[in-house]
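Have a look at the structure below before the remarks.
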Amino acid sequence: MSAAAAKQLDRDPTVYPIEDDVGEGSLQRFISELLRTLIAKWVAERGQVAFVGADQFFYWEQYNPSEGIAPDVYVLPGVAPETRVGAWKVWETKQRPSFAFEVVSQDIQKDYLGAPAKYGRLGVNELVVFDPDYHESPQRIRWQVFRRTTRGFLREESTNDDRVYSERLGCWLRIVGEGNTTRVRLATGPEGEHLFPTDAEARAAAEARQRQLETEQRALHAALASEQHARAALEAELTRLRGRRDPTPVPTSTERPTRRKKR
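Written out as structure tokens, the structure reads:
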């Protein structure tokens with residue numbers, strides 16, 4: 001960036017909010033919080049550098065804060081996870097999410113029509129929209145997946161199934177629970193049959209494996225001790241039987257008899 005351009009940015013009087021006054025429901029928050037931590041864990045375990053954030057604004061037109069959106073969850077490849085930022089100004093950072101996730105709120109019109117259009121203008125590669133209350137109307141749908149193609153930012157999948165595949169993440173997004181306990185988890189396998197574990201689940205599984213290993217080691221030691229005991233008993237019995245078949249002969253005197261002298 002040239003010095004003149006940097007100076008112009010410094011003089012920008014526009015206010016770009018880092019938060020809005022529109023609240024979100026507890027279910028929307030719980031779904032997003034869990035999914036964000038799972039995606040961050042998923043990315044890190046694959047050795048990828050990425051910032052996995054939630055509910056932070058992206059602005060892509062300078063001087064026009066109406067062109068902004070705050071994804072419930074998003075992924076910025078190549079950005080350090082510890083990056084500190086209030087809002088992302090694309091004309092400064094040149095960063096656009098590869099993946100974004102939206103939970104449909106009470107503002108159905110915004111989330112079904114407005115949000116996908118804004119994500120298209122932002123330049124997101126893949127957007128997954130999840131409606132936890134899709135059953136309330138036949139016009140609503142549980143999953144919508146938008147992807148950037150050569151023909152534009154298009155909806156490529158819409159389904160009421162319990163899972164969809166994310167090409168950008170390389171895994172499935174899968175529903176667990178129902179009603180107020182509905183959550184979105186990551187899953188692996190050809191059909192998303194294996195849930196990607198949370199930190200707590202991974203620790204519990206590791207502890208269970210350790211306990212199983214210790215149990216198997218104790219059983220092995222007990223088996224070895226029992227085998228040694230049985231071998232010692234067998235050897236003692238063989239020794240006793242040999243003694244009965246081959247008794248030790250009574251030793252004879254080696255002294256020669258003496259003759260009496262004749263008188």
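Mapped onto UniProt numbering, the consecutive letters of the sequence shown carry residue numbers 1 to 263.
For every residue, glycine included, the Cβ atom is placed at its ideal position computed from N, Cα and C.
Assigned with DSSP and collapsed to three states, P77 falls in strand. Under the three-state reduction of DSSP, F196 is assigned to coil, being neither helix nor strand. Less than 8 Å divides the Cβ of V128 from the Cβ of W143.
DSSP links W88 through a beta bridge to F58.
Around the Cβ of G177, a 10 Å sphere holds fewer than 16 other Cβ atoms; the residue is exposed. Put simply, of T198, F58, E126, V103 the residue whose alpha carbon is nearest the alpha carbon of K94 is F58. For G120, the enclosing alpha helix (DSSP H) starts and ends at 115–122. Distances from the alpha-carbon of G86 to those of S158, T181, Q48, V15 put V15 closest.
Only exposed fits G170, as fewer than 16 other CB atoms lie within 10 angstroms of its CB. Nearest to Q48 by alpha-carbon distance, out of A200, E235, G78, Q139, is G78. Taking 3 residues as the shortest admissible run, the segment 135–159 contains the following complete beta strand (DSSP E) segments, listed from N- to C-terminal end: 143–149, 152–159. In this structure, DSSP gives R183 an extended state, which the three-state scheme calls strand. In this structure, the beta-carbon distance from V75 to I31 does not fall below 8 Å.
Apart from the 5 residues on each side of it in sequence, W91 sits with its Cβ closer than 6 Å to the Cβ of Q62 in its chain, given in chain order. By the neighbour-count criterion, in which 16 or more other beta carbons inside 10 Å mark a residue as buried, A100 falls on the buried side.
If the five residues before and after S166 are omitted, its C-beta is found closer than 8 Å to the C-beta atoms of F99, E126, V128, V145, W172, L173, all from its own chain and listed in chain order. A residue is called buried when at least 16 other Cβ atoms come within 10 angstroms of its Cβ; I18 does not meet this threshold and is exposed. Short of 8 Å from the beta carbon of E193, and not among the five residues preceding or following it, lie these beta carbons of its own chain, in chain order: A187.
Per DSSP, R163 is one residue of the beta strand (DSSP E) stretching across 163–166.
A residue is called buried once 16 or more other Cβ atoms fall within 10 Å of its Cβ, and S105 is buried on that count. Rounded to whole angstroms, P132 and W42 show a C-alpha spacing of 23 Å.
Sequence-distant Cβ neighbours of V73 in its own chain, meaning closer than 6 Å and more than five residues away, are S32, L35, R36, A54, F101. The DSSP-derived three-state label of R11 is coil.
Beta-carbon to beta-carbon, D162 and I141 are separated by about 13 Å, too far to satisfy the 8 Å threshold. Secondary structure of A40 (DSSP, three-state): helix. Annotated as distal: L122 and R147, with beta-carbon spacing of 8 Å or more.
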